[in-house]
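A.B. asks:
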Amino acid sequence: MKIIYLFGILTLIPLVTLKIEGEKFNSTELEKYRKTILDNHNYYRKRHQVGKLTRNSELEKIAQSHAEKLMQGQSYQDTENVYKKEKIGENRFSCSNNIQVCINATYTTDNWYKESATYNYDDPHSGPCPNRFTQMVWKETKQIGCGASCLGYRCYGICHYYPAGNNYTQYIYNVLPIKEEEKSMSFAGKFFLSLFIIFLIVVGVFSIYHFVYRKRKFNQLKDYFKLK
1 MKIIYLFGIL TLIPLVTLKI EGEKFNSTEL EKYRKTILDN HNYYRKRHQV
51 GKLTRNSELE KIAQSHAEKL MQGQSYQDTE NVYKKEKIGE NRFSCSNNIQ
101 VCINATYTTD NWYKESATYN YDDPHSGPCP NRFTQMVWKE TKQIGCGASC
151 LGYRCYGICH YYPAGNNYTQ YIYNVLPIKE EEKSMSFAGK FFLSLFIIFL
201 IVVGVFSIYH FVYRKRKFNQ LKDYFKLK
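If you count by this note's numbering, then the sequence shown holds residues 1 to 228, one letter each, in order.
#1: In chain order, what residues of the same chain have a beta carbon less than 7 Å from the beta carbon of N56, not counting five sequence neighbours either side?
#2: For T54, which residues in the same chain have their Cβ closer than 6 Å to its Cβ, ignoring the five residues on either side in sequence?
#3: Looking only at its chain, what residues have a beta carbon closer than 7 Å to the beta carbon of L30, apart from the 5 residues adjacent to it on each side?
#4: Taking 8 Å as the cut-off, does the stretch 132–142 touch the stretch 102–115 (at least 3 CB pairs, one atom from each stretch)?
#5: So is Q72 buried or exposed if we call it buried at 16+ other beta carbons inside 10 Å?
#6: Can you list, in chain order, the residues of its chain with a C-beta nearer than 8 Å to that of E86? Leave out the 5 residues immediately preceding and following it.
#7: Measuring CB to CB, does V175 end up less than 8 Å from Y121?
#8: Please classify G22: does DSSP put it in a helix, a strand, or coil?
#9: Might you give, ordered along the chain, the residues of its own chain that have their beta carbon closer than 7 Å to the beta carbon of I201, omitting 5 neighbours on each side?
#10: Considering only residues of the same chain and omitting the five flanking positions on each side of I172, which have a CB-CB separation below 7 Å?
#11: Would you kindly work out how many angstroms separate the C-alpha atoms of L195 and I208, rounded to a whole number?
#12: Taking the alpha carbon of E140 as the reference point, which residue from A67, H66, F199, I88 has its own alpha carbon closest?
#13: Please report the distance separating the alpha-carbon of R45 from that of G127.
#14: Going straight from the alpha carbon of C159 to that of S75, what length do you get?
#15: Quick check on N91: buried or exposed, where buried means 16 or more other Cβ atoms within 10 Å of its Cβ?
#16: Taking A117 as the reference, give the member of I198, R34, I178 with the closest Cα.
#17: Given L70, which residues of its chain have a CB within under 6 Å of its CB, disregarding the five upstream and five downstream residues?
#18: For S96, which of helix, strand or coil comes out of DSSP?
#19: Decide if T28 is buried, meaning its Cβ has at least 16 other Cβ atoms within 10 Å, or exposed.
#20: Determine the burial state of Y33: buried for a count of at least 16 other Cβ atoms within 10 Å of its Cβ, exposed for fewer.
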């Protein structure tokens, strides 16, 4: 019986440890997280007619430090969001769901971008301003640096932006609507367009042969168009 109890305790120890510690965010996962965050930002930015962001290692260090502070139950002031003596933008994400969901960068950026549904491009200050979305697609922002920290089943993700977005007077110039996508031509449209192009080619070849090569005049070609 003692052997059974001992076996049960030894079996439970790893499970208890896993529940407390969870899966930690290793360097490989963090790099993948940062790359996917960047790719997702640039995907949305392209849709909103603005240039790509590039990664900034200094911003990543700041973001990582802040994420770890939050994970440890500490806080930080907005005055700490500084790079080159300038204030930087920030988007923050917290998650206490399944850790594989929490470290999914697409899950993070999709949540930020969902705020675009409430944004009024014609009058940005007419309602609640979705600051996370607007910072993602802010035209004048050029660089991004992200960090994340996980422990147990809780994660914090932070992205910093330079130059900072969300300038109260500049929304109309920096948050652009989605570029209207070109409508794809239907199969029938492509078919008739192809016929028209072939017709033009035939007419062109016919004209060059008779009017240029054979040096004929139009009156000399009437017989071509008579019904026999």
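Note that CB positions come from ideal geometry on N, CA and C, so glycine has one too.
C.D. replies: To lay it out plainly:
#1: Reading the sequence shown from its first residue, position 56 is the one you call residue 56. Same-chain partners within the cutoff: Q143, I144, G145, Y162.
#2: Sequence index remark: in the sequence shown, residue 54 carries index 54 (1-based). If we look at T54 and ignore the five residues flanking it on each side, its Cβ neighbours are Q143.
#3: Residue 30 sits at position 30 when you count from the first residue of the sequence shown. Answer for L30: A148, listed in chain order.
#4: yes
#5: Looking up residue 72 in the sequence shown gives position 72. Exposed, because fewer than 16 other Cβ atoms sit within 10 Å of the Cβ of Q72.
#6: Along the sequence shown, one-based indexing puts residue 86 at 86. Y162, P163, A164, listed in sequence order.
#7: Sequence index remark: in the sequence shown, residue 175 carries index 175 (1-based). Sequence index remark: in the sequence shown, residue 121 carries index 121 (1-based). Closer than 8 Å, so yes.
#8: Translated into positions along the sequence shown, residue 22 becomes position 22. Only weak support exists for where G22 lies, its pLDDT of 39 falling under 50; the coordinates are left without a value.
#9: Taking the sequence shown and counting its residues from 1, the one referred to as residue 201 is at position 201. Result list for I201: empty, nothing under 7 Å.
#10: Here the question's residue 172 lines up with position 172 in the sequence shown. Closer than 7 Å at the Cβ level, and outside the excluded window around I172, lie P124.
#11: Translated into the one-based positions of the sequence shown, residue 195 becomes position 195. Translated into the one-based positions of the sequence shown, residue 208 becomes position 208. If I take the Cα positions, the gap works out to 20 Å.
#12: Counting from one through the sequence shown, the residue named residue 140 turns up at place 140. Out of A67, H66, F199, I88, I88 has the C-alpha closest to the C-alpha of E140.
#13: Position 45 of the sequence shown holds residue 45. Position 127 of the sequence shown holds residue 127. Rounded to whole angstroms, R45 to G127 spans 22 Å at the Cα level.
#14: Here residue 159 corresponds to residue number 159 of the sequence shown, with the count starting at 1. Here residue 75 corresponds to residue number 75 of the sequence shown, with the count starting at 1. Going by the C-alpha atoms only, they are around 16 Å apart.
#15: Residue mapping note: residue 91 aligns to position 91 of the sequence shown, counting from 1. Under this definition N91 is a buried residue.
#16: One-based indexing of the sequence shown puts residue 117 at position 117. Ranking I198, R34, I178 by Cα distance to A117 puts I178 first.
#17: Your numbering for residue 70 matches position 70 in the sequence shown. Y156, listed in sequence order.
#18: Position 96 of the sequence shown, counted from the first residue, corresponds to residue 96. Coil, per DSSP.
#19: Counted from its first residue, the sequence shown places residue 28 at position 28. It counts as exposed.
#20: On the sequence shown, residue 33 is found 33 positions in, with the first residue counted as 1. Buried, because 16 or more other Cβ atoms sit within 10 Å of the Cβ of Y33.
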